[in-house]
Amino acid sequence: MQRLAIIGLGAWGRRLVEAVQGISSTVKFTAAVVRRPEVAESAGEKYGLAISTDLASVLSDPAIDGVVSCGPAHLHASHSLAALEAGKPVLAVKPMALSRADADKLLEASRRTGTLLALGYNRCYFPNVMEMRRRLSHGALGTLVHAEGNFCVDRYRGIKEGSWKADPLHAPAGGLADHMLYLTIETLGHLAEAQAIGFTHHSNNALADVTAVMLRSQRRQTALLTAIGVTPDYYRFQIFGTEGWIELRDDTQLTYQPRNGTAEVVTFEPIDAERAELEGFADAIARRLPFPVSAEDAAHGVAALEAIATAARENRPVTIA
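For the sequence shown, our numbering assigns the number 16 to the initial residue and increments by one for each residue that follows.
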């Protein structure tokens, strides 16, 4: 049983705890580090967590096997770096950093200390994503040439001005695109250039609630990503190859169209992706299985997001380091 501490116990932090607490046989949370303990007290009692405001003392506790960094986005990097320097494996909820410079610091610390750095990205455990991964490993699509992704939610209108979530520095243009960006990197490889257009249409804040992104990979493949924060939920990822294409909808549907033959539509039973993610992190800590998103790909995703934000702000193509 891997014993975890979580940094941040907001809505998503509580969702992660609920996913495994008293359910999983391989992982559980035993501690939470928060800024306002009086707000987290009831959650601590409910989930059996020791509540603390002292990150250093939690990181020095030998009874903690790993850490989940789940505070505000702009604190993910500093919290994760502290965990790595303490020798604690860390699951950094995406984005694990807001700049490539900070992501590189995390990579360097992970390599220097030999400590696991994993990206908190539940989508990599969706059943249709895992089936896509299996088919691609068998060459079902031939040579890959293009990817498309849509991540659409009705979320940005509800973010109040003055909240850290309403700060474009913390949620830049295209920030929502990262839900599909990591799948793009996994399938097409590392990216070379980003172009983006972002506008604020209906949000009562400064966030770009519609962003269109065009990407070029290092292998001269292309990708189109759309991120919308003011429309009903819609999740889609599609990868195209010389021998067919695969389209993913939501978390359970996969359509495969070979170049020669009829389309195959597969529907999977839903799973608790957050539980799968945390149990995958526990497996990686125990070295039973590797985590599906490499630390290098996660850091490259940060660089891509930084380039997308710059491209949208400056209206020009931006090279991805």
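All residues carry an ideal CB built from backbone N, CA and C; glycine is no exception.
A quick note: this is a predicted structure, and the numbers were derived from the prediction, not measured.
Between which two residues does the beta strand (DSSP E) carrying residue i extend?
i    : result
V225 : V225 to S232
I335 : Here I335 belongs to no beta strand (DSSP E), and DSSP marks it neither H nor E.
V168 : L159 to D169
T237 : T237 to I243
K43  : V42 to V48
L134 : L132 to G135
A211 : L206 to F214
Assuming residue i is part of the alpha helix (DSSP H), what are its boundary residues?
i    : result
F296 : A288 to I300
R18  : No alpha helix (DSSP H) contains R18, which is instead part of the beta strand (DSSP E) from Q17 to I22.
S152 : P142 to S152
L260 : It should be noted that the sequence gives Trp, not Leu, for residue 260. W260 -> not in any alpha helix (DSSP H); beta strand (DSSP E) instead, spanning G259 to R264.
Y197 : D193 to L203
L74  : L70 to L74
L31  : A26 to V35
G55  : Looking at the sequence provided, one finds Ala at residue 55 rather than Gly. Start and end: P52 to Y62.
L99  : H91 to E100
S125 : R115 to T128
Write down the C-beta distance between residue i and residue j rounded to the nearest angstrom, noting that I regard them as a contact closer than 8 Å.
i    : j    : result
D287 : A98  : Actually they are not in contact, since the Cβ atoms of D287 and A98 sit about 25 Å apart, beyond 8 Å.
A327 : A207 : Not really, about 18 Å apart at Cβ, beyond 8 Å.
L156 : G256 : 3 Å
L320 : L196 : 7 Å
I335 : A211 : So it is not a contact: roughly 12 Å between Cβ atoms.
Thinking C-beta only, is residue j closer than 8 Å to residue i?
i    : j    : result
G86  : I22  : yes
L385 : M147 : With the chain represented from 16 up to 336, any question about residue 385 goes unanswered, as that position is not in the structure.
L304 : N143 : no
A20  : A58  : no
V160 : Q272 : no
G132 : A310 : In the sequence under discussion, the amino acid at residue 132 is Leu, which differs from the Gly named in the question. Contact: yes.
L6   : K61  : Outside the displayed range of the chain (16 to 336) lies residue 6, so it cannot be described from this structure.
V333 : P110 : no
A1   : Q17  : Since the displayed the chain opens at 16 and closes at 336, residue 1 lies outside it and no answer follows.
G73  : L31  : The question names Gly, yet the displayed sequence has Val at residue 73. Not closer than 8 Å, so no.
A301 : L134 : no
T130 : P104 : yes
Identify, in the order they occur along the chain, each residue of the same chain with its Cβ nearer than 6 Å to the Cβ of residue i, setting aside the five sequence neighbours on each side.
i    : result
A242 : F166, G189, L191, A192 and T226
Y140 : A288, A291 and E292
A92  : A112 and D117
A238 : A162, T199 and L230
A325 : The displayed chain sequence assigns Thr, not Ala, to residue 325. These residues qualify, in order along the chain: V333.
Check whether the Cβ of residue i sits closer than 7 Å to any heavy atom of the ligand COA, and report yes or no.
i    : result
G190 : You won't find the ligand COA in this model; it holds no ligand whatsoever.
Which residue's Cα is closest to the Cα of residue i: the options?
i    : options                  : result
R149 : D69, I261 and D265       : I261
A299 : V42, V32, G37 and R30    : V42
L250 : D266, Q236, G259 and V54 : Note that residue 250 is Tyr in the sequence shown, not Leu. For the residues D266, Q236, G259 and V54, the minimum Cα distance to Y250 belongs to D266.
D182 : A223, H153 and E201      : A223
S232 : E258, H205 and H217      : H205
S152 : R115, T202, T282 and L64 : T202
N330 : V308, V228, H315 and W27 : V228
E279 : G295, E294 and G259      : G259
Going along the chain, which residues of its own chain have a beta-carbon closer than 8 Å to the beta-carbon of residue i, five neighbours each way excluded?
i    : result
D169 : G244, V245, T246, P247 and D248
Leaving out five residues before and five after residue i in sequence, what residues of the same chain have Cβ atoms less than 7 Å from its Cβ?
i    : result
H194 : R138 and F166
R172 : H217, S218, N219 and V245
P52  : I66 and T68
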